[in-house]
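Student:
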Amino acid sequence: MKIAVASGKGGTGKSMVAANLAFALAASGDVTLVDCDVEEPNLHLFFPATATTREVTVPVPSIDESLCDRCGECGKFCQYGALTVLPDRVLFFPELCHSCGGCTLVCPKRAIHEEPKRIGTLSASAPLRGIKLITGTLDAGVPLAVPIIREVKKEAWQDPLIIIDTAPGTSCPVVEALEGCDACILVTESTPFGLHDLKLAVDVTARLGIPAGVVINRSDGKDDETLQFCAERDLDVMMTIPFSREIAAIQNRGNLLCRARPEWQKDFCALYVKCQALAGVER
Ligand code: SF4
Ligand code: SF4
217 MKIAVASGKG
227 GTGKSMVAAN
237 LAFALAASGD
247 VTLVDCDVEE
257 PNLHLFFPAT
267 ATTREVTVPV
277 PSIDESLCDR
287 CGECGKFCQY
297 GALTVLPDRV
307 LFFPELCHSC
317 GGCTLVCPKR
327 AIHEEPKRIG
337 TLSASAPLRG
347 IKLITGTLDA
357 GVPLAVPIIR
367 EVKKEAWQDP
377 LIIIDTAPGT
387 SCPVVEALEG
397 CDACILVTES
407 TPFGLHDLKL
417 AVDVTARLGI
427 PAGVVINRSD
437 GKDDETLQFC
447 AERDLDVMMT
457 IPFSREIAAI
467 QNRGNLLCRA
477 RPEWQKDFCA
487 LYVKCQALAG
497 VER
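In structure tokens, the structure reads:
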């Protein structure tokens, strides 16, 4: 079972929901928590532990100028403008390269081979009994979130229960994180911005064919517009977490709601059961 936790906008409490869901479920079995918000991963703040870390690399072209006759084929092929062929040399702009490997294939002189280039790291830890945490972290200034997300998902994919914390928004990294998931929890808040971005996120999950339900976080009780939208789109509002200074203070201390207030564990376990229902999984 693979559950994604997503949101159309940042700051809705998506990571908090993912972390508490994992914590609650770990009491009765193994859970793999995957942080795919690779530009700003933060699940490790809820689960501090010693991690093993390795580099994530992508292949990029390296050109042997002694074999190159400046025919221009590689520059014509590269749709990303990463290669410019001048009369006396070939210029390569690594920040534009998407590692498609095409230039290596089209070079008639076999003057191009591929070399690994670091784009970030993958860390794995076991912070609590029953929880494995896998975190992808993109290096600063590197625009290649998707390959790291693929790598962290690959690391976890065989595990029986996976909870994936996606990046906020609806861009390519979110789509990559959502691909292959059985159900998606969309976390929102009852503001006009929250509802606007929830609508975008619902469209993305619908296009991907992933069944989704909604968690309303920091609810002030005025959820009518969000509830109406969910009713119109046949979306189950699976959980509502009230606005509370106490809950905010728990999170600001880096603590988990389910750890500080164990009575919440049953609510997160109930959220999991609703995700199972969404995914059509037998209990
Ligand atoms: S395709 Fe090969 S030979 Fe032609 S310009 Fe590029 S590197 Fe040089
Ligand atoms: S690997 Fe692909 S994206 Fe990168 S330089 Fe070659 S053709 Fe361009």
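Read in order, the letters of the sequence shown are residues 217 to 499 in our numbering.
Virtual Cβ for every residue (Gly too), placed ideally from N, Cα, C.
Computed from a predicted model, the values in this text were never measured in an experiment.
Among Trp373, Ser387, Leu302, which has the Cα closest to the Cα of Gly396?
Tutor: In the sequence shown, counting from the first residue as 1, residue 396 sits at position 180. With distances taken between Cα atoms, Gly396 lies closest to Trp373.
Student: How would the residue list near ligand 2 read, in chain order, if you kept each one whose beta-carbon is closer than 6 Å to any heavy atom?
Tutor: Those residues, listed in chain order, are Pro277, Phe293, Cys294, Tyr296, Ala298, Leu299, Cys313, His314, Ser315, Cys316, Gly317, Gly318, Cys319.
Student: Please confirm whether Ala585 and Ile379 have their CB atoms less than 9 Å apart.
Tutor: An answer regarding residue 585 cannot be provided, because it is not within the stretch 217 to 499 covered by the chain.
Student: So is Glu367 buried or exposed if we call it buried at 16+ other beta carbons inside 10 Å?
Tutor: Numbered from 1 along the sequence shown, position 151 holds the residue referred to as residue 367. Glu367 is buried by the Cβ-count criterion.
Student: Less than 8 Å between the CB atoms is what I'm expecting for Asn236 and Leu473, so what's the real figure, rounded?
Tutor: Here residue 236 refers to the residue found at position 20 of the sequence shown. Here residue 473 refers to the residue found at position 257 of the sequence shown. Right, their Cβ atoms sit about 5 Å apart.
Student: Taking all protein chains shown into account, decide if Glu462 is buried (16 or more other Cβ within 10 angstroms of its Cβ) or exposed.
Tutor: Numbered from 1 along the sequence shown, position 246 holds the residue referred to as residue 462. Its Cβ having fewer than 16 others within 10 Å, Glu462 is exposed.
Student: Exposed or buried, which one is Ala422 when buried takes at least 16 other CB atoms within 10 Å?
Tutor: As a position in the sequence shown, residue 422 is number 206, starting the count at 1. Ala422 comes out exposed.
Student: Is it the case that the Cβ atoms of Val233 and Ile401 are separated by a distance below 9 Å?
Tutor: Start at 1 with the first residue of the sequence shown, and residue 233 comes out as number 17. Start at 1 with the first residue of the sequence shown, and residue 401 comes out as number 185. Yes. Within cutoff.
Student: To the nearest angstrom, report how far apart Ser406 and Val453 are at their CA atoms.
Tutor: Here residue 406 is taken as the residue at index 190 of the sequence shown, counted from 1. Here residue 453 is taken as the residue at index 237 of the sequence shown, counted from 1. Computed Cα separation, rounded: 12 Å.
Student: Counting only the same chain and skipping the five closest in sequence on each side, list residues whose C-beta sits under 6 Å from that of Gln481.
Tutor: Locating residue 481 in the sequence shown gives position 265, counting from the first residue. Excluding sequence neighbours, Gln481 sits near Ala240, Cys474.
Student: Following a CB-centred definition, is Glu289 positioned closer than 8 Å to any heavy atom of ligand 1?
Tutor: In the sequence shown, residue 289 corresponds to position 73, counting from 1. Checking the Cβ of Glu289 against ligand 1 gives yes.
Student: Could you pull out every unbroken alpha helix (DSSP H) segment of at least 4 residues lying fully inside the stretch 414 to 471, listed in chain order?
Tutor: Those alpha helix (DSSP H) runs which fall completely within the stretch 414 to 471 and span 4+ residues are 440 to 448, 461 to 468.
Student: Assuming Thr382 and Cys252 form a contact by the criterion Cβ under 8 Å, report the distance between their Cβ atoms to the nearest whole angstrom.
Tutor: Counted from its first residue, the sequence shown places residue 382 at position 166. Counted from its first residue, the sequence shown places residue 252 at position 36. With 8 Å as the limit, Thr382 and Cys252 qualify as a contact, their Cβ atoms being about 5 Å apart.
Student: Is Asp285 near ligand 1, judged by its Cβ being under 8 Å from some heavy atom?
Tutor: For the purposes of this step, residue 285 is identified with residue 69 of the sequence shown, where counting begins at 1. Yes, the Cβ of Asp285 comes within 8 Å of a heavy atom of ligand 1.
Student: Specify the secondary structure class of Val497 as computed by DSSP and reduced to three states.
Tutor: The residue you call residue 497 lines up with position 281 of the sequence shown. Residue state, collapsed to three classes: coil.
Student: Give the range of the beta strand (DSSP E) segment to which Ser244 is assigned.
Tutor: In the sequence shown, counting from the first residue as 1, residue 244 sits at position 28. Where Ser244 is concerned, there is no enclosing beta strand (DSSP E), given that its DSSP letter is neither H nor E.
Student: Reducing DSSP to helix, strand and coil, say where Phe293 ends up.
Tutor: Stepping through the sequence shown from its first residue, residue 293 is reached at position 77. DSSP places Phe293 in helix when its eight states are reduced to three.
Student: What does the Cβ neighbour count give for Thr337, buried or exposed, with the cut at 16 atoms within 10 Å?
Tutor: The residue labelled residue 337 in the question sits at position 121 within the sequence shown. With 16 or more other Cβ atoms within 10 Å, it is buried.
Student: Is there at least one non-hydrogen atom of ligand 1 closer than 8 Å to the beta-carbon of Pro303?
Tutor: Locating residue 303 in the sequence shown gives position 87, counting from the first residue. Answer for Pro303: no, Cβ out of range of ligand 1.
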